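Trainee: Numbering of the first sequence is given in numbering that gives the first Met the number 0, commencing with residue 0 and proceeding in unit increments.
Questions regarding the structure given below will be posed in turn.
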Amino acid sequence: MKNKIDSILTTTLQHCFNNGKLNQTPLPDYTVEIPNHSDHGHFATNLPLTLAPSQKRRPTEIAQIIVDHLMDSEDILLKVDIAGPGFINFTIRTEQWHKCLAQIIALKDDYGRSRQGNGEKVLVEYVSANPTGPLHLGHGRGAALGDTLCRILAYCDYRVTREFYINDAGRQIQLLGESIYSRWKQMSNRNHPFPENAYHGDYIVELAKEISNQTDLDGLTQDQAIAHCAKLGKEKMLQEIKRDLADFGMTFDVWYSETDLFSSGLLDKSIETIKGTGYLYEKDGAIWIKTSELGDDKDRVIKKSDGEFTYFASDISYHLEKWKRGFSKAINIWGADHHGYVQRMKGALKANGIGEEWLTVLLIQLVKLWKGGQELKMSKRAGQFVTLRELMDEVGVDAARFVFLSKNHDSPLDFDIDLAKKHDSDNPVYYVQYAHARICSIFRKAEEEGISLTQDPKTVLERLILNEEMALIRSMAEFPSLLETICIVFEPHRLTYYLTELASLFHKYFNLGMKVPENRIICGDSSLSLARLFLADAIRIVLYNGLTLLGIHAPERM
RNA sequence: GCGCUCAUAGCUCAGUUGGAUAGAGUGACGGACUACGAAUCCGUAGGUCGCAGGUUCGAAUCCUGCUGGGCGCACCA
């Protein structure tokens, strides 16, 4: 609908240019939006205001010209007003809204889909946890964000690749091996020392048991045993991570291993490529990249004087590989503690001629866990953290995902585990799910009464005239453009807010029937009942589609 | 110290990328089931959008400075 207003405006403007009512100028950056106040109509545009400087006329004058020449070929407008300093307010004919509703019902599961992505290839890399321990809450937030974003992007015709970068090279894995080895040693000798900065979690003990059962560690040298523990530990952790994520409702297309970068020689090749750019130099026996000339605060080492590559080196290589794979856009979801890393990554890409808009890094802020009114401090190294698995077991996947997407990724999240655990109305996810279940219940009731939606909606929808009914339709009409917006700003939390709002409109509408039976959906008047059932069906469709994009179930009963 | 980021109702947060009179949830108080599901709804109360300037028709939103939180500043990953 918004698009229709927009096209009316552009054709009108063109018309005014052609007949000389307005001076031919480039199209200004105007907006068409839904006003905050109902007396401002269904849509409002600031076009006259944005046109004023180039036309050198007063906005209200321009507004009058536009309104006088409005090209409403489909006759969708009921009322057009000029208001305030130069806004134009549009009110849409009720029949048009009824058409919108009919379209939702016709499209069903596809309502909300769009062509906006145009088949563009997008890579989303998320979670990417080190396989040195179970996934924790922070990973859960990144996972929920990434997965939902991917679902929405795919729905809007982006060709999405979901990728998990496995940080399986370097110190962390070595440390994992040492940790497991020490725990194994401690099984026979309580006093065997445990490395200071090693992983303390109980899962290490479990791994030590499993691995020592499978392998005769006594038959190996210490170094061999540690290497073996590292390798098996890593594999087992990765399996667990995959299982956790699958149970959390998501799958990945690519598991990209850092060690593969080394073994395949890609890393060396990438470094060679960068050398050609002239951004590398040697100093103090190390190789540096001049990121300071590319937006970073200082130059960075990519190969240490001991001959080893830094983590940054493999990360550059990894991103160059992403680029070569032909994605028109890459999105990374990182913990906010890595934000200092963004500029250097973009700098390194720039050195290779890759524009900085190619890579978008979404930073997710800390998740604080509350239980019993107290904050639970988490620390992976100290082995004290709540795992994603524990969270899923305690609060359920639906509630966890909903809470993770209940705030902008950019703001810290307080996860109140007691609240999310409650299977009652305090828990926000139930509000939306209940709306869906309630509608399903109405349909069960309708079936009992022998009412079914077999006829053409168009024959009865004109019976929908209540303000609450129109508000519902208008809200649902926004759904497709909401999804398009999310694809541009990468903020899936808007969907949770939207669904809560839609559920709220429905609950309000439903409650009209509490006191006034004529306002019920099944109300005694057969064509009106049908019309309202069609409306309810559309709401169910939108709630279902929205919840599915969030990876949350839309239950028929609760 | 430098950089990034955030600051909106008692609390937790939205705010359609600059629009008209700033909104939800929660908490507090008061109401609505003989009923399509009360896991719901209605009402009341609650604000100098951290502070001060600037940009313009118009600022919670943009620019500058300040204050206060978070995070980052390794030849670690």
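The beta-carbon is built from N, C-alpha and C at its ideal position, and this holds for glycine as well.
Just so it is clear, the structure is predicted and the values come from calculations on it, not from any experiment.
(1) Per DSSP, which one or two residues make a beta bridge with Asp80?
(2) Residues bridged to Trp254 by DSSP?
(3) On the DSSP letters alone, give me the boundaries of the beta strand (DSSP E) that Val488 sits inside.
(4) Quick check on DSSP: helix, strand or coil for Trp287?
(5) What separation, rounded to the nearest whole angstrom, lies between the Cα atoms of Leu8 and Val402?
(6) Checking 8 Å against the spacing of the C-beta atoms, do Phe86 and Thr49 come in under that value?
(7) Do Gly139 and Tyr310 count as a contact pair if the criterion is CB distance below 8 Å?
(8) Is it true that the CB of Val31 sits closer than 8 Å to the CB of Ile330?
(9) Just the C-alpha distance for Leu136 and Gln13, rounded to the nearest angstrom, thanks.
(10) Among Glu374, Phe478 and Val341, which one has its Cα closest to the Cα of Thr290?
(11) Expressed to the nearest angstrom, what Euclidean distance is found between the alpha-carbon atoms of Pro194 and Ser211?
(12) Might you give, ordered along the chain, the residues of its own chain that have their beta carbon closer than 7 Å to the beta carbon of Pro554, omitting 5 neighbours on each side?
(13) Taking the alpha-carbon positions, what's the Asn510 to Arg519 distance?
(14) With a cut-off of 8 Å, do at least 3 Cβ pairs link the region 140–153 to the region 239–249?
(15) Is DSSP giving Tyr278 helix, strand or coil here?
(16) Go through its chain and collect everything with a Cβ distance to Thr59's Cβ below 8 Å, but skip five positions before and after it.
(17) If contacts are defined as beta-carbon pairs under 8 Å, then Asp156 and Gly111 qualify, I think. What distance do you get, rounded to the angstrom?
(18) Between the Cα of Leu498 and those of Asp417, Val428, Leu76 and Asp252, spot the shortest distance and give me the residue it belongs to.
(19) Would Leu175 and Lys233 be called neighbours here (beta carbons separated by less than 8 Å)?
(20) Between the alpha carbons of Ala62 and Asp109, how many angstroms are there, rounded?
(21) Give me the residue from Glu446, Pro456, Phe89 and Gly550 with the minimum Cα distance to Ile103.
(22) Contact check, Ser313 vs Leu348 under 8 Å by CB: the rounded distance?
(23) Span of the alpha helix (DSSP H) holding Val121?
(24) Run through DSSP, which three-state label would Ile450 get?
(25) Short check: CB of Ser256 to CB of Ile165, under 8 Å?
(26) Does the Cβ of Glu356 have 16 or more other Cβ atoms within 10 Å, making it buried, or fewer, making it exposed?
(27) Tell me which residues share the same chain as Ser269 and place their Cβ nearer than 6 Å to its Cβ, disregarding the 5 neighbours each side in the sequence.
(28) Can you list the alpha helix (DSSP H) stretches of 4 or more residues lying completely in the region 109–158, in chain order?
(29) My assumption, with CB atoms under 8 Å, is that Ser576 sits in contact with Ile151. Please give the rounded CB distance.
(30) Please report the residue range of the beta strand (DSSP E) in which Trp369 lies.
(31) Helix, strand or coil for Ile33 per DSSP?
(32) From what residue to what residue does the beta strand (DSSP E) around Ile353 run?
(33) Please report how far the alpha carbon of His39 lies from the alpha carbon of Ile91, in whole angstroms.
(34) Can you give me the Cβ contacts of Lys507 inside the same chain, cut-off strictly under 8 Å, excluding the 5 residues immediately before and after it?
(35) Can you tell me whether DSSP reads Glu374 as helix, strand or coil?
(36) Starting from the C-beta of Gly294, find all residues in its chain whose C-beta is less than 8 Å away, skip the five residues before and the five after it, and write them out in chain order.
Mentor: Answer, in terms of the structure:
(1) Asn88
(2) Phe163
(3) Premise fails: Val488 lies in the alpha helix (DSSP H), Asn466 to Val488, not in any beta strand (DSSP E).
(4) strand
(5) One C-alpha to the other measures close to 40 Å.
(6) no
(7) The Cβ atoms of Tyr310 and Gly139 lie no closer than 8 Å to each other.
(8) no
(9) 54 Å
(10) Val341
(11) 19 Å
(12) Gln432, His435 and Ala436
(13) 8 Å
(14) yes
(15) coil
(16) Pro47, Ile81, Pro84 and Gly85
(17) Not a contact, Cβ separation roughly 12 Å.
(18) Val428
(19) yes
(20) 38 Å
(21) Pro456
(22) In this structure Ser313 does not touch Leu348 by the C-beta definition: roughly 14 Å separates them, more than the 8 Å allowed.
(23) Secondary structure note for Val121: it is in no alpha helix (DSSP H), and the uninterrupted beta strand (DSSP E) holding it is Lys120 to Glu124.
(24) coil
(25) Cβ atoms of Ser256 and Ile165: closer than 8 Å.
(26) exposed
(27) Ser316 and Leu319
(28) Runs found: 136–154.
(29) Within the shown structure, residues of the chain are numbered from 0 to 557, placing residue 576 beyond reach of any answer.
(30) Val366 to Lys370
(31) coil
(32) Note, Ile353: premise wrong, no beta strand (DSSP E); not H, not E.
(33) 12 Å
(34) Result list for Lys507: Glu467, in chain order.
(35) strand
(36) If the five residues before and after Gly294 are omitted, its C-beta is found closer than 8 Å to the C-beta atoms of Gln342, Lys345, Gly346, Lys349 and Glu355, all from its own chain and listed in chain order.
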